[in-house]
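Data first, discussion second: the structure below is written as structure tokens.
There are 2 protein chains.
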Amino acid sequence: MQDGRAEPPKGTLYRRVAADLREAIAAGEYGSGGRLPAESALAERYGVSRGTIRQALGALRADGLVTSRRGTRRVVLGTARVQSFAELVSFTHWARSLGEEPGGRVERVERRPADVREREQLRLEPGAEVVLVLRVRTLSGRPVMVERSLYPLWVGELVARIPPDAVSHTEPLQEHGVVFADADHTIDLVVADADDARLLGCEAGDALLRERRRSTDPAGTPVEWSEDRYLPGTVAFTVHNSIATSALARRHRRSD
Amino acid sequence: MQDGRAEPPKGTLYRRVAADLREAIAAGEYGSGGRLPAESALAERYGVSRGTIRQALGALRADGLVTSRRGTRRVVLGTARVQSFAELVSFTHWARSLGEEPGGRVERVERRPADVREREQLRLEPGAEVVLVLRVRTLSGRPVMVERSLYPLWVGELVARIPPDAVSHTEPLQEHGVVFADADHTIDLVVADADDARLLGCEAGDALLRERRRSTDPAGTPVEWSEDRYLPGTVAFTVHNSIATSALARRHRRSD
DNA sequence: GAGTGGTCTAGACCACCCT
DNA sequence: GGGTGGTCTAGACCACTCC
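These protein sequences, in sequence, are chains A and B.
Counted the way this note's numbering counts, the first sequence spans residues 2 to 257.
Counted the way this note's numbering counts, the second sequence spans residues 2 to 257.
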């Protein structure tokens, strides 16, 4: 496709073009702050239509790699490595991508009726039950996070069958056809309770970084509602947004 | 455009269609978890091509309002209100959108040579100077955040000329042609230092929620590098991401 | 005024989901 | 097998930036 770089013919056209452009940008071919070739030039170079080029560039735009503005060529914003969705929803994927050894153990599994709020989050009928799983997660043996996950029964029954010392939970779920496709995240600060302190080896009252996450499958059905609490200094969340597409929001908290 | 709803003919076609669909979803016309009409049906209803419909639906997809999957109709994920980019980058915009009274005062303005890291973030030449502005931000008179912003000289000189008691800084900047178009955010937890404690009225050593943000203008030129520290309980950050487009990332912190 | 990205059209084929 | 969204093409016009 392009001279020096390997280009295995897999995936759709625009994904291959996007991957090629990503590599070129990462290799510094256009420099930081440099200008990309015009869409028409890229279309000719890759032998595809302008629409396909625009699809590829749209992906880079969403990742915050390039600008786009009418009247001028696109400008390289940065070379930031973008993590996959799996690395976001799965602690195990994330840890592995860091070269760290993910671990963990299940502290508690509980099946009980869902309360009003839980039913709303998981879009369940009145009287429906949920499965609560409390886990400690470790990086290379060091506890870094406490995870409280809530599953609808059809998912929870699969989760409950996973061995307590299994490293990954999303992987066995995938094998049973439970796919995570969309997630809403809320990030804020919370104070460690007695459970957190015991499991993480900190003091009750210490501050923890909290991520609450609601995940749905490709059909839009909620499959998980989780609250993760991280020890300070172990994790940071990064987001890119632009005047065109903003997925990040800042929310006020009066109470909760 | 669509019977009941007001539809002023402003903006591009696909934006008008998107706005109309957003309203319909917010009004619960398809229900939560309900299915949208097929693209072809929408194209006919609005009298536009399928491509335009897809552009509109792409915007809703990016906001996490609907799913998209080959073979099935789109499903409504939620009705979440999406905040504008301005509400994210500007404290003032954000506060106003909450119905709160934004306030603040400048504590310190300082012009000095940029160090290596600052030069890298703002993409400046060796020897370049920057302007540092330290501000306290309030909601309805209550201090909630300390902001340390770094500007390249050409922006900093404009900022320095803004009255110290001005509520908004981004608005006067906009009037001088400085537009914020893209931003990278990093969110984590940090411990309050003596300055933070004094300005926010907390204890040194207390935990604060930190957001670091690098913003660029439409041409891709860095215009601001800021570190904001929020009192616990005053703010939460929310993100939507999907297997298709992920702008959020979880990063490991060994040190910083 | 030339060059560039943003928008829009009309049509085609394919991969996938469902029944 | 029928319906659906995903991909791709070829062309057109326009709004904007910059020289």
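For glycine and all other residues, C-beta sits at the position ideal for the given N, C-alpha and C.
- As computed with DSSP, B:G104 is found in a beta bridge with B:T139.
- A residue is called buried when at least 16 other Cβ atoms come within 10 angstroms of its Cβ; A:D116 does not meet this threshold and is exposed.
- Residues of the stretch 215 to 238 of chain A with a C-beta less than 7 Å from any C-beta of chain B: T217, P219, A220, G221, P233, G234, T235, V236, A237 and F238, listed in chain order.
- Within the stretch 177 to 194 of chain B, the residues whose Cβ lies closer than 7 Å to some Cβ of chain A are A182, D183, A184, D185, H186, T187, I188, D189 and L190, listed in chain order.
- Under the DSSP definition of a beta bridge, B:A237 partners with A:R252.
- One alpha carbon belongs to B:P164, the other to B:H94, and they sit about 18 Å apart.
- For B:L159, there is no enclosing beta strand (DSSP E); the residue is found in the alpha helix (DSSP H) stretching over L154 to A161.
- For A:A42, the enclosing alpha helix (DSSP H) starts and ends at E40 to Y47.
- Nearest Cα to B:G52 within the set B:T239, B:R16 and B:S33: B:R16.
- By the C-beta criterion, the stretch 230 to 239 of chain B is judged to be in contact with the stretch 183 to 190 of chain A, since at least 3 inter-stretch pairs fall below 8 Å.
- Excluding its 5 nearest sequence neighbours in each direction, B:T246 has C-beta neighbours in its own chain below 7 Å: A63, listed in chain order.
- The way I'd put it, the stretch 75 to 84 of chain B does touch the stretch 18 to 37 of chain B; three or more beta-carbon pairs between them come closer than 8 Å.
- Note on geometry: alpha-carbon atoms of B:H170 and B:E204 lie some 28 Å from one another.
- For A:V168, no beta strand (DSSP E) segment is defined, and its DSSP state is neither H nor E.
- The Cβ neighbour count for B:D194, taken over all protein chains shown within 10 Å, is under 16; the residue is labelled exposed.
- For A:W155, the closest Cβ of chain B is not nearer than 8 Å.
- From the beta-carbon of A:L210, the residues of chain B found nearer than 7 Å are D189 and L190.
- When beta bridges are read from the DSSP output, A:L209 appears opposite A:V191.
- B:I54 sits close to B:L43, with the two beta carbons spaced by under 8 Å.
- Neighbourhood of A:R46 in chain B, by CB distance below 9 Å: empty, with the nearest CB roughly 22 Å away.
- Proximity to B:Y152 across B:V134, B:G142, B:R46 and B:R211 peaks at B:V134, based on C-alpha coordinates.
- Residues of chain A whose Cβ lies closer than 8 Å to the Cβ of B:L78 are, in chain order, D183, T217 and G221.
- Counted as a single uninterrupted DSSP element, the alpha helix (DSSP H) harbouring A:Y15 occupies residues L14 to A27.
- Annotation: A:R46 to A:E24 spans about 16 Å, alpha carbon to alpha carbon.
- The three-state reading of DSSP puts B:L151 in strand, counting E and B together.
- Judged by DSSP in its simplified three-state form, B:A96 adopts helix.
- Chain-order list of chain A residues neighbouring B:R124: S33 and G34, by C-beta distance under 8 Å.
- By the rule that beta-carbons nearer than 8 Å mark a contact, B:T68 touches chain A.
- A:E121 sits in a helix when the DSSP states are folded into three classes.
- Any Cβ of chain A closer than 8 Å to the Cβ of B:G65 would place that residue at the interface, and such an atom is present.
- The DSSP-derived three-state label of B:D196 is helix.
- Between A:V107 and A:R136, the gap from beta carbon to beta carbon is short of 8 Å.
- Residue state for B:A220 is assigned as coil, using DSSP reduced to three classes.
- Listed along the chain, the chain A residues whose CB falls inside 8 Å of the CB of B:L99 are H253.
- Proximity of B:H241 to chain A, defined by a Cβ-Cβ separation below 8 Å, is satisfied.
- Counting the other CB atoms within 10 Å of its CB gives B:T73 a total below 16, which places it among the exposed residues.
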